[in-house]
């Protein structure tokens, strides 16, 4: 049975009366909650008329985090396409570089917004540690150096204090002077400590030899050089010699007369109690951990870290204080329990940004599998889907989400299909943007749906041209027919066409529906007529009826259109063509028995015109050119 | 984990029975015992009353928005035995159609997937389910399933348009296999599945697990897997998740989500179908999610007032 580690959070809704129930409904991004009364036989009684919109507390709505999302989106996409052509051993520097990119984005955001800084600081701290331990995966020797860098980066107040001290009149007498020196030592910044100590040394000429001794000790502390020729074992030997030397100084009471130097000496030898006496300078248990390792066990191996981490945490926190979420996350990282880190971060942080991107990067480094997770790469996809779904409810960030869904091979596509239909199509431009996304991914159902919605909307606003072009794009024959009808009705009412440009350039789209084809061809007829290409116009007009492209209801209009052609001085319709026209007229009149005077007059007029034209045509065709 | 971000004062004079956001979350429709249906524009945290629709003669139980491709259309059903379909034309809302074919209160309405056009399923206390299909030019075709549930039908919910799994087998470019299906829950303690074959509606499956009236059913959206999922809740305090793995749709397996201490009135799936919301007589709305290995866990509690009842900690209990 799956146990939930954390009790579900409870959200209270302000409500008026007791004895009522909570009704709800899903919105696209939010939940609606309202007071109601469910009863088997119908509820009576007044309740609170308020409806509450409830939303997940995701920090995606802050403008600064939007910058975070935008920038990290670029990095994400770049990562997905990273050197598939590169051999895996060459990829690590790239992954480390990408990790640093993410972190620089976090830092960039931090600079812009103070409020969110504490969360971002924590995120960056965790990410940095994950980079050191998991991605860069430094071996013993380099490991400690990286951890030192990590601590130094996140303890910037030392430099501030140092500046203050150095800028004072007499730095060596500043009340914070020794704090700064000790802080430097705790961080392994021995050069700077030495420089500070020089100032004190000049003030106490009597104690010169003691200061000289300390200076020597500090300068001789070995630091492992990963790029050098010295092996780890050799370094270890050297370090032990140095450690013994420092210890001898302590035993000899060389610094007994100066309590400050004595303290520093004890720190150098790694005395736990002395370190713990400086909790205020260390301020965190992980600083304590790194310092302790620096002075007790600089060749610590990754696999040994968690013993030290756990004990340092315990030693540092007194019995009253409880570990905070950040502490558990860091501890899990030191234990190389990636799964636990991700899980704890998911619970502690208010949005999915961090876990989604970090997990994705770790997955690319092939770290999730090697740690034998239950879900393998599904965890990555799960988190990315959560993150991207959250973005989708935002009016402009939803576009970023698309790329994330694209890189979720199992469910990304269907999630995108379901979500993209909910993007409000406020403007034509936005609709086109959404459409382009769907078309690029061959999401034909969604394309059809969006075009249909836009066509409907255009029709309601009487923008026939727009409606027609949307229904063509939707390949919606039924709708195209409907709109073509409207165009034709429009023409009959006003005598002109609207949106000529569109109709003239239909091209093969004309074939979408019969009515549309007729509309296109009918317009063509008018054009030909206007260009005085009477012969072609006549031929087209006739074919519209004989090929049954024109609906029967329109025939009368067409025949009426033929009248001017029949009345011209020149004979346009041939005898055969005239016969066909007459046939059409007869077909029309035999079906519709109408008593309307206007209709009858028209029919008579047509018959007359046709007969006359027939006569002229026969004569013309029978005449031999002299 | 969740917070109230906006409150809309509907000014309904009596109990609210349903509230629904439209497709895009820009409009809110509410209905009440005061016999009215109200529509609000809620863009950007605002609340502007757009329409106050009167036409029902009794408490209105549910409202449902149709897909935006058909325009702005809303259906409502009421104790007065009527189903009214409202439409917005040129900025004003009017009755598009009124259906009076039921002999008792109509409890639930649900629009079908847009692939089938405009089709509305209605469940009534007279035990029948009606299917209203828009055929064009203000005409609606009515099909009625009489005695769908003895004593009464309380809820209806449509299945997604595509038969699950069929997309995987289809070569691209071919039209997917559409089958009209929906699920209903009734006073006979049963959950029933209905399928349309050759233009006739037939009872496809009968799912028995509840020991009291089924109050609500919900068919989860399709995420492309060959599985179908249905949630049902009942006066017996239980919520079941029914899953079917075979494409023919014949074997449905129930899994008890949770046994609540009171009647469970309402279940509803989120858009991508990965979260189920459950509301009950214990004044809470709980959100449930399926974890990676197929178990269901409660992820959030939305509760009324102060002094909330204790949280739900165990996620799965075998039926006692």
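Chains as they are written, first to last, in the UniProt record's numbering: chain E, 1 to 626; chain H, 1 to 320.
Every residue gets a Cβ at the ideal spot worked out from N, C-alpha and C, and that includes glycine.
At what residues does the alpha helix (DSSP H) containing residue i begin and finish?
i: residue 33 of chain E; result: Where residue 33 of chain E is concerned, there is no enclosing alpha helix (DSSP H), although the beta strand (DSSP E) it sits in stretches over 31 to 36.
i: residue 250 of chain E; result: 232 to 251
i: residue 452 of chain E; result: 444 to 460
i: residue 281 of chain E; result: 279 to 282
i: residue 210 of chain E; result: 208 to 220
Residue i: buried (16+ other C-beta within 10 angstroms of its C-beta) or exposed?
i: residue 1 of chain E; result: At residue 1 of chain E the pLDDT is 33, less than 50, meaning the model places this residue with poor confidence; the figure from the coordinates comes in the next sentence. Exposed.
i: residue 583 of chain E; result: exposed
i: residue 578 of chain E; result: buried
i: residue 141 of chain E; result: buried
i: residue 376 of chain E; result: Bear in mind that the predicted position of residue 376 of chain E carries a pLDDT of just 45, short of 50, making it unreliable; the figure below should be weighed with that in mind. With fewer than 16 Cβ atoms within 10 Å of its Cβ, residue 376 of chain E is classed as exposed.
i: residue 35 of chain H; result: buried
i: residue 64 of chain H; result: buried
i: residue 248 of chain E; result: exposed
i: residue 434 of chain E; result: buried
i: residue 54 of chain H; result: exposed
i: residue 492 of chain E; result: exposed
i: residue 568 of chain E; result: exposed
For residue i versus residue j, is the C-beta distance shorter than 8 Å?
i: residue 331 of chain E; j: residue 126 of chain E; result: no
i: residue 194 of chain E; j: residue 170 of chain E; result: no
i: residue 362 of chain E; j: residue 79 of chain E; result: no
i: residue 558 of chain E; j: residue 609 of chain E; result: no
i: residue 618 of chain E; j: residue 562 of chain E; result: no
i: residue 104 of chain H; j: residue 76 of chain H; result: no
i: residue 98 of chain H; j: residue 82 of chain H; result: yes
i: residue 281 of chain E; j: residue 186 of chain E; result: yes
i: residue 186 of chain H; j: residue 149 of chain H; result: yes
i: residue 129 of chain H; j: residue 156 of chain H; result: yes
i: residue 179 of chain H; j: residue 193 of chain H; result: no
i: residue 297 of chain E; j: residue 335 of chain E; result: no
i: residue 22 of chain H; j: residue 38 of chain H; result: no
i: residue 488 of chain E; j: residue 554 of chain E; result: yes
i: residue 357 of chain E; j: residue 184 of chain E; result: no
i: residue 408 of chain E; j: residue 381 of chain E; result: yes
i: residue 271 of chain H; j: residue 418 of chain E; result: yes
i: residue 239 of chain H; j: residue 278 of chain H; result: yes
i: residue 383 of chain E; j: residue 404 of chain E; result: no
Please check if any C-beta of chain E sits within less than 8 Å of the C-beta of residue i.
i: residue 17 of chain H; result: yes
i: residue 375 of chain H; result: Lying before the first or after the last residue shown, residue 375 of chain H is absent from chain H, which here runs from 1 to 320.
i: residue 96 of chain H; result: no
i: residue 189 of chain H; result: no
i: residue 2 of chain H; result: yes
i: residue 311 of chain H; result: The predicted model places residue 311 of chain H with a pLDDT of 25, which falls under 50 and marks its position as unreliable; any figure quoted below should be read in that light. So yes, residue 311 of chain H belongs to the interface.
i: residue 272 of chain H; result: yes
i: residue 25 of chain H; result: yes
i: residue 143 of chain H; result: no
Using a C-beta cutoff of 8 Å, does residue i count as contacting chain H?
i: residue 456 of chain E; result: yes
i: residue 11 of chain E; result: yes
i: residue 200 of chain E; result: no
i: residue 8 of chain E; result: yes
i: residue 372 of chain E; result: Confidence at residue 372 of chain E is low in this model, with a pLDDT of 45, below 50, so the placement of that residue is unreliable and no value is reported for it.
i: residue 52 of chain E; result: yes
i: residue 49 of chain E; result: yes
i: residue 564 of chain E; result: no
i: residue 411 of chain E; result: yes
i: residue 662 of chain E; result: Here chain E covers residues 1 to 626 and nothing more, so residue 662 of chain E does not appear.
i: residue 56 of chain E; result: yes
i: residue 38 of chain E; result: yes
Is the shortest distance between the beta-carbon of residue i and the beta-carbons of chain A less than 8 Å?
i: residue 340 of chain E; result: In the structure shown, chain A cannot be found, because the protein chains are E and H.
What residue does the beta strand (DSSP E) around residue i start on, and which one ends it?
i: residue 61 of chain H; result: 60 to 65
Query raised in the report: Listed in chain order, which residues of the segment 164 to 186 of chain E have Cβ atoms closer than 9 Å to some Cβ of chain H?
Result: The segment 164 to 186 of chain E vs chain H, Cβ under 9 Å: nothing.
Query - Members of the UniProt repeat "WD" (53 to 87) of chain H near chain E, C-beta cut-off 8 Å - result: Hits within the stretch, in order: 59, 67, 68, 69, 70, 71 and 79.
Query raised in the report: Of the residues that make up the segment 201 to 226 of chain H, which ones have a beta carbon closer than 9 Å to any beta carbon in chain E?
Result: Taking 9 Å as the Cβ-Cβ cut-off against chain E, the residues of the segment 201 to 226 of chain H that qualify are 213, 215, 221, 222, 223, 224 and 225.
Query raised in the report: Residues in the segment 235 to 258 of chain H with C-beta within 7 Å of chain E's C-beta atoms, listed in sequence order?
Result: Within the segment 235 to 258 of chain H, no residue has a Cβ that lies closer than 7 Å to any Cβ of chain E.
Query raised in the report: Relative to chain H, which residues along the segment 17 to 35 of chain E have a C-beta separation below 8 Å, given in chain order?
Result: For the segment 17 to 35 of chain E, the set of positions with a beta-carbon nearer than 8 Å to some beta-carbon of chain H reads 18, 20, 21, 22, 23, 24, 25, 26, 27, 28, 29, 30, 31, 32, 33, 34 and 35 in chain order.
Query raised in the report: When Cβ atoms are compared, which residues of the segment 443 to 474 of chain E fall closer than 7 Å to chain H?
Result: Residues passing the 7 Å Cβ filter: 449, 452, 453, 456 and 460.
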